[in-house]
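**Q** Below: one structure in structure tokens.
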Amino acid sequence: MVQDDDPLISIITVNFNGKLFLSNLFNSILDLDYPAEKIQIIMVDNNSTDGSARFVKKEFPRVEVVSLKENRGYAGGNNEGFKRAKGRYIALINNDCMVEKDWLSQMLSIFRQSADDLKIGAVGSKVLFYYTYLPLQLIAASIIHGEGKNSRDFRRLGVKIYNVIIGDGRNNGVYNNALNRDIKYPEGFYPAESDDRGGTYRWTQDNAILAVPVADPKRDLEIKFKASSYISPNNLRVVAGEEILKDIELSGKLKTVKIKIPKRLFSHCRDIINSCGIKINKSFYSRDRGFESFDYGQYNRVEEVFGLSGSSFMLDRKMLEDAGCFDGGFFTYYEDVDFFWRARLAGWKNFFAPKSVVRHFHCGTGKEWSYDFTYYVVRNRLLMIYKCGWPLLFIRSYLAFVFSSMINILYYLAGLLKGKKQARVDIPVRIRVFFELFYIIPKNLIKRIKIRTNRKIQDKIIKSWMRDF
């Protein structure tokens, strides 16, 4: 592809009350290995109340601040940025990210090396979680739960882990709470469950790995959690590298476990992946490739992907003009999958650039599985399928949503009758989305007709990207 050696690139970030993260972001952007005069930096501020806009204007005068009078979300905010972007290419970056020095040039190199007929429309980064993580092996005996019992639960259960926190629990301020949310359970754990008192726990399947974020590699670390065992008695051994940190006997009764981790063990720390592109399944749920897995280099090749993480990618202005901007009606979540689906239907392709690396505070300015998060994920997925998908896909997805909502609501009501405490934000969300669809579907009919009529590829090509998960 014939291009200028150093084309103008516009970088857009959308911010809402993210002042805490902005110094890291803009300092890293100002340190890029790309010519400064060829970079336009735009921050769209979604009516923040934490002084973000004023702070950036004062501390980072190179940044063009666009202040909106209302919060238009990721989609609407980026659309405002598109209006002001002058670059041949446009890079989008989340406000809670920090980029590596060659972040921009590595994405640009994919465009430069491609042939015109390949029609690459967007290139995305390898997105890592912000901290490096120390893997802790949790070794304990396990047994199949339903064996010899009248039970339908045949999981293999080892130990039950409650409330892992960093530190001694006495000083859980904003910083420590953020670190605690970043603790990962990448291998050997079942999904989180809640007890009758609203507590959250996870069972180990067999041996498991707990990943602890290391914010300060110069200081020793302490973690604390409560644990019990399905088998009683049972020994739990906690290992870092080849060093045994704890060897404790557990029973069916909860016991507090405190573990001190010396800083010399931080040499075993590894990166954990947030996203190496987006994949889809047959129900058009999306998932980040490699999400919460250790980075062993398993995604270290340039390859085509269905879509890219909205946290960090660069797009060709021609694709934007062809496929259109983000759908402002999405506000946030699934707007990126919708965008890349529309772009694919228009004939464009998306590639993953593993050498373009960013570090991301996942949900740094948004709480995962909060009411708003759940609402936009549930609603926007159905809206996206309606706009872009073939008729049977939407009908099947809609009926599955209605049926699963009825089952979940009935299960919730049965629990209430039994006096069971349940933290189920999805229940009011499902009810709300069910009624909103009667308004959303006719409102988006024209968009659907336009997208489906103007598509340049067949649906079988979209289907070829569906994966099992």
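Residue numbers (the numbering used here): 153 to 621. The C-beta atom is built at its ideal place from N, Cα and C for all residues, glycine as well. In this text the structure is predicted, and so the values were computed from the model without any measurement.
Considering only the beta carbon of each residue, do Gly462 and Gly429 sit closer than 8 Å?
**A** No, Cβ-Cβ distance for Gly462 and Gly429 is not below 8 Å.
**Q** Grab me the residues of Gly225's own chain with a C-beta within less than 6 Å of its C-beta, minus the 5 sequence neighbours each way, in chain order.
**A** Cβ within range, chain order: Phe483 and Thr484.
**Q** According to DSSP, simplified to helix, strand and coil, what is Ile603?
**A** The answer is helix: DSSP assigns Ile603 an H, G or I state.
**Q** What residues are listed by DSSP as bridge partners for Asn386?
**A** Paired residue(s): Leu402.
**Q** Look at the Cβ atom of Ala575, then the Cβ atom of Ser346, and state whether they are nearer than 8 Å.
**A** Yes, the pair counts as a contact, with Cβ atoms nearer than the cut-off.
**Q** Could you tell me which residues DSSP pairs with Ser346 in its beta bridges?
**A** DSSP lists Thr352 as partners of Ser346.
**Q** Indicate whether the contact test is met: 3 or more Cβ pairs, each with one atom in the segment 282-290 and one in the segment 418-426, closer than 8 Å.
**A** Segments in contact, yes.
**Q** Cβ of Ser204 within 8 Å of Cβ of Asn230?
**A** Their beta carbons are not under 8 Å apart, which means Ser204 does not touch Asn230 by this criterion.
**Q** Below 8 Å, can you find three or more Cβ-Cβ pairs linking the segment 169-183 to the segment 208-215?
**A** Segments in contact, yes.
**Q** Roughly how many whole angstroms lie between the Cα atoms of Pro287 and Ile361?
**A** Those two C-alpha atoms are separated by around 6 Å.
**Q** Over the uninterrupted beta strand (DSSP E) stretch that includes Lys336, give me the two end residues.
**A** Run containing Lys336: Lys336 to Phe341, per the beta strand (DSSP E) assignment.
**Q** Using C-beta distances below 7 Å, list every residue in its chain close to Met153, excluding the 5 sequence neighbours before and after it, in chain order.
**A** For Met153, the pLDDT reaches just 49, beneath the cut-off of 50, and the residue's location in the model is therefore unreliable, although a value from the coordinates is still provided. Phe263, Arg264, Ser266, Ala267 and Asp268, listed in sequence order.
**Q** Can the beta-carbon of Asn332 be found closer than 8 Å to that of Leu290?
**A** No, Cβ-Cβ distance for Asn332 and Leu290 is not below 8 Å.
**Q** Determine the DSSP secondary structure at Ala293, reduced to helix, strand or coil.
**A** Coil at Ala293, not helix or strand.
**Q** In chain order, which continuous runs of the beta strand (DSSP E) of length 3 or greater are located wholly inside the segment 449-487?
**A** For the segment 449-487, whole beta strand (DSSP E) runs of length 3 or above, ordered along the chain, are 455-457 and 464-468.
**Q** In terms of alpha-carbon separation, which member of Tyr241, Phe234, Glu455 and Val251 lies closest to Leu112?
**A** The question about residue 112 has no answer, for the chain in this structure spans 153 to 621.
**Q** By how many angstroms is the C-alpha of Lys410 removed from the C-alpha of Tyr550?
**A** Spanning the two alpha carbons is a distance of roughly 48 Å.
**Q** Give, in chain order, every unbroken run of the beta strand (DSSP E) that is at least 3 residues long and sits entirely within the segment 190-267.
**A** 191-197, 215-219, 241-245 and 249-251, all fully within the segment 190-267.
**Q** Quick one: grab the DSSP three-state call for Lys572.
**A** In this structure, Lys572 counts as coil in the three-state DSSP scheme.
**Q** In terms of alpha-carbon separation, which member of Glu374, Gly310 and Arg422 lies closest to Arg354?
**A** Cα-wise, what sits closest to Arg354 is Gly310.
**Q** According to the Cβ coordinates, are Ser445 and Pro343 closer than 8 Å?
**A** Their beta carbons are not under 8 Å apart, which means Ser445 does not touch Pro343 by this criterion.
**Q** For Gly541 and Lys278, what's the separation of their Cα atoms in angstroms?
**A** Cα to Cα, Gly541 sits roughly 28 Å from Lys278.
**Q** What did DSSP end up calling Tyr314 once you bin it into helix, strand or coil?
**A** Strand, per DSSP.
**Q** List the whole-angstrom C-beta distance separating Arg511 from Cys249, where the pair is believed to meet the contact cut-off of C-beta under 8 Å.
**A** So it is a contact: roughly 7 Å between Cβ atoms.
**Q** Within the same chain, show all residues whose beta-carbon is closer than 8 Å to that of Lys398, passing over the 5 residues directly before and after it, in chain order.
**A** Excluding positions up to five away in sequence, the list reads Leu388, Arg389, Val390, Val409 and Ile411.
**Q** What are the boundary residues of the beta strand (DSSP E) that includes Arg619?
**A** Careful: Arg619 lies outside any beta strand (DSSP E) and carries neither H nor E.
**Q** What three-state label does DSSP hand Gly442 in the structure shown?
**A** Correct three-state label for Gly442: coil.
**Q** Take Arg236 as the anchor and find which of Lys221, Glu216, Ala227 and Asn247 has the nearest alpha-carbon.
**A** Of the listed residues, the one whose Cα sits closest to Arg236 is Glu216.
**Q** For Phe418, which residues of its own chain have a beta-carbon under 7 Å away from its beta-carbon, when the five flanking residues on both sides are left out?
**A** The residues are Leu286, Val366 and Pro369.
**Q** Can you round the beta-carbon distance between Ser464 and Ile245 to whole angstroms, since I take them to be within the 8 Å contact cut?
**A** Indeed, because the Cβ distance is near 5 Å, the residues count as touching under 8 Å.
**Q** Name the DSSP bridge partner or partners of Phe281?
**A** Bridge partners of Phe281: His512.
**Q** Taking only heavy atoms of the ligand MG into account, decide whether any of them is closer than 7 Å to the Cβ of Ala243.
**A** Of the ligands one can find in the structure shown there are none, so the ligand MG has no counterpart to examine.
**Q** Rounded to whole angstroms, what's the CA-CA distance from Ile313 to Lys431? Just pull it up for me.
**A** Straight-line Cα distance between these residues: approximately 31 Å.
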